[in-house]
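Undergrad: For reference, the structure I am asking about is given below.
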Amino acid sequence: MSGAAHDVAAMEASLVAVADAGVDVRHALFDRFFAVFPDRRASFMIVDASSRRMTDETLQMMLGLAKGEGWVWPLVAELVFTHRAYGPLPIAEYDAFIDMTVEELGTASGAGWSAAAAAAWRRQAEALKAMIRQARAEWESAMPVGTPQPAG
Ligand code: HEM
Numbered sequence: 172m173s174g175a176a177h178d179v180a181a182m183e184a185s186l187v188a189v190a191d192a193g194v195d196v197r198h199a200l201f202d203r204f205f206a207v208f209p210d211r212r213a214s215f216m217i218v219d220a221s222s223r224r225m226t227d228e229t230l231q232m233m234l235g236l237a238k239g240e241g242w243v244w245p246l247v248a249e250l251v252f253t254h255r256a257y258g259p260l261p262i263a264e265y266d267a268f269i270d271m272t273v274e275e276l277g278t279a280s281g282a283g284w285s286a287a288a289a290a291a292w293r294r295q296a297e298a299l300k301a302m303i304r305q306a307r308a309e310w311e312s313a314m315p316v317g318t319p320q321p322a323g
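For what it's worth, my numbering labels the leading residue of the sequence shown as 172, then goes sequentially.
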């Protein structure tokens, strides 16, 4: 198995462990996110709906990156563009949300969490953070008006 295939296997094993445990990661994840960024709570009209999609898509993007899926880049580019509607989100909040997603997944998978899974998710988390930075930079140069500033 290649390094990427190892990542995919370890990541899928932890997703199965969380499904088996019957834990819905989004609850602890959003509680934590709002505890650290309380001002963001008001931006969410329907947390129940958005927390499902934000959590699921963040996990899918990381898994997609490990699999080398071509749809990840257009989805990330669209995400960064549509999230302009929620104000100029600092890049640190994207980073924090991604890190918290991985950490809460680890907590939820309990004994199913392995060093290999932790390393694989962290590796793909860094790849997703880099892709978000790239998308923001490209939008900023293509459409400067209203684009969140990279320093923000
Ligand atoms: C990798 C990171 C993220 C992903 C994949 C993601 C994905 C999504 C998705 C799929 C939606 C639902 C959009 C819809 O149904 O039309 C959403 C909504 C939203 N996201 Fe994110 N998001 C991310 C990070 C963030 C961050 C860091 C914030 C900062 C606060 C944020 C704030 C919001 C808000 C305010 C909404 C709308 C909620 C509502 O109207 O109820 N997102 N996001």
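Ideal Cβ positions, reconstructed from N, Cα and C, are used throughout, including at glycine.
TRP292 and VAL316 - do their beta-carbons sit closer together than 9 Å?
TA: Walking along the sequence shown from the start, residue 316 turns up at place 145. Walking along the sequence shown from the start, residue 292 turns up at place 121. No, the Cβ-Cβ distance between VAL316 and TRP292 is not below 9 Å.
Undergrad: Is the segment 280 to 289 close to the segment 247 to 266, with three or more CB pairs under 8 Å?
TA: Output reads no: the segment 247 to 266 does not touch the segment 280 to 289.
Undergrad: Answer yes if the segment 287 to 306 comes into contact with the segment 240 to 251, meaning at least three C-beta pairs across the two stretches below 8 Å, and no otherwise.
TA: Counting Cβ pairs under 8 Å, three or more are found: they touch.
Undergrad: Looking only at C-alpha atoms, which of ALA287, ARG294, ALA206 sits nearest to MET232?
TA: The count along the sequence shown starts at 1 and reaches residue 232 at position 61. Comparing Cα positions, the closest option is ARG294.
Undergrad: Could you check what DSSP says for ALA288 in three-state terms: helix, strand or coil?
TA: Position 117 of the sequence shown, counted from the start, is the residue given in the question as residue 288. Three-state result, ALA288: helix.
Undergrad: Between LEU299 and the ligand HEM, is the CB less than 8 Å from at least one heavy atom?
TA: Mapped onto the sequence shown, residue 299 falls at position 128. For the ligand HEM, at least one heavy atom lies less than 8 Å from the Cβ of LEU299.
Undergrad: Between the beta-carbon of ALA256 and the beta-carbon of ALA181, is there less than 9 Å?
TA: Here residue 256 is taken as the residue at index 85 of the sequence shown, counted from 1. Here residue 181 is taken as the residue at index 10 of the sequence shown, counted from 1. It is not a contact, given that the beta carbons lie outside the stated cut-off.
Undergrad: According to DSSP, is GLU264 helix, strand or coil?
TA: Walking along the sequence shown from the start, residue 264 turns up at place 93. Here GLU264 sits in helix by DSSP.
Undergrad: At a cut-off of 8 Å, would you count LEU236 as near the ligand PLP, judging by its Cβ distance to the nearest heavy atom?
TA: The ligand PLP is absent from the structure shown, which contains only the ligand HEM.
Undergrad: Could you tell me the alpha carbon to alpha carbon distance between ARG307 and ALA289, rounded to whole angstroms?
TA: For this step, residue 307 is matched to residue 136 along the sequence shown. For this step, residue 289 is matched to residue 118 along the sequence shown. Those two C-alpha atoms are separated by around 27 Å.
Undergrad: Is VAL218 a contact residue of the ligand HEM, with contact defined as CB to any heavy atom under 8 Å?
TA: Here residue 218 refers to the residue found at position 47 of the sequence shown. Yes, the beta carbon of VAL218 sits closer than 8 Å to at least one heavy atom of the ligand HEM.
Undergrad: At a cut-off of 8 Å, is SER173 close to the ligand HEM when judged by its beta-carbon and the heavy atoms of the ligand?
TA: Mapped onto the sequence shown, residue 173 falls at position 2. Not so, every heavy atom of the ligand HEM lies at least 8 Å from the Cβ.
Undergrad: Within the chosen definition, does the segment 195 to 208 reach the segment 220 to 229 through at least 3 CB pairs nearer than 8 Å?
TA: Segments in contact, yes.
Undergrad: Taking 9 Å as the threshold (C-beta atoms), are ALA237 and GLU309 in contact?
TA: For this step, residue 309 is matched to residue 138 along the sequence shown. For this step, residue 237 is matched to residue 66 along the sequence shown. It is not a contact, given that the beta carbons lie outside the stated cut-off.
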